[in-house]
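Colleague: The opening position of the sequence shown corresponds to residue 588 in the numbering used here, with each subsequent residue numbered one higher.
Following this message is one structure expressed as structure tokens.
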Amino acid sequence: FSSSTISDSDLVVIGSGPGGYVAAIKAAQLGLKTVCVEKEATFGGTCLNVGCIPSKALLNNSHYYHVAKHEFANRGIKAENIEVDLPQMMKAKNDSVTALTGGIAGLFKKNGITSVHGTGTIVTPNQVIVKNADGGRTTINTKNI
């Protein structure tokens with residue numbers, strides 16, 4: 588397992604959910620050397636990866652199915668053999684999540700944000716230790732958390 592240290596950051600943001608990634612990007616745009624710690628493999632937090640966005644994608648597709656199955660005929664549209672293709676529906680949901688999380692990764696790169704994947708723990712007012720996903724450890728010394 589490897590150990591590393593990041594010594595010259597201005598700000599560490601723990602978590603890349605809707606608040607975290609926006610804060611990290613804005614800080615970097617304002618000139619702060621920013622590090623974002625994320626415990627998951629992709630950015631976006633619960634909302635983007637498994638919560639709000641994927642749920643709404645599936646709910647929206649389910650609504651389309653309901654309209655096609657139950658309301659088209661009343662509107663003069665004939666459609667037969669309407670059925671759910673769950674693997675395709677899940678692929679569409681996954682494709683949306685991948686595009687959005689990739690967008691955040693691109694914004695991090697464009698704005699020079701350093702990302703560290705693992706679980707961050709604040710150990711002093713100016714230091715975060717990250718237990719990396721690979722079992723290693725990253726120590727981040729910073730001016731602000």
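Quick reminder that beta carbons are idealized off the backbone N, C-alpha and C, glycines included.
Predicted model, so just to flag it, every value in this text is computed and none were measured.
For Asn636, is the classification buried or exposed, using 16 other Cβ atoms within 10 angstroms of its Cβ as the cut-off for buried?
Modeller: By the 10 Å Cβ count, Asn636 comes out buried.
Colleague: Exposed or buried, Ile664, counting other C-beta atoms within 10 Å across all chains shown (16 or more means buried)?
Modeller: Flag for Ile664 reads exposed.
Colleague: Starting from the Cα of Tyr652, find the closest Cα among Met676, Gly638, Ile709 and Ile700 and give me that residue.
Modeller: With distances taken between Cα atoms, Tyr652 lies closest to Met676.
Colleague: Quick check: the Cα distance between Leu694 and Phe659, rounded to an integer number of angstroms?
Modeller: Going from the Cα of Leu694 to the Cα of Phe659 covers about 42 Å.
Colleague: DSSP three-state label for Val671, please.
Modeller: Coil at Val671, not helix or strand.
Colleague: Assign Asn719 to one of three DSSP states: helix, strand, or coil.
Modeller: Three-state DSSP puts Asn719 in a strand.
Colleague: Going by CA-CA distance only, name the one from Leu645, Asn661 and Asp597 that's closest to Pro674.
Modeller: Looking at the Cα atoms, Leu645 is the closest of the given residues.
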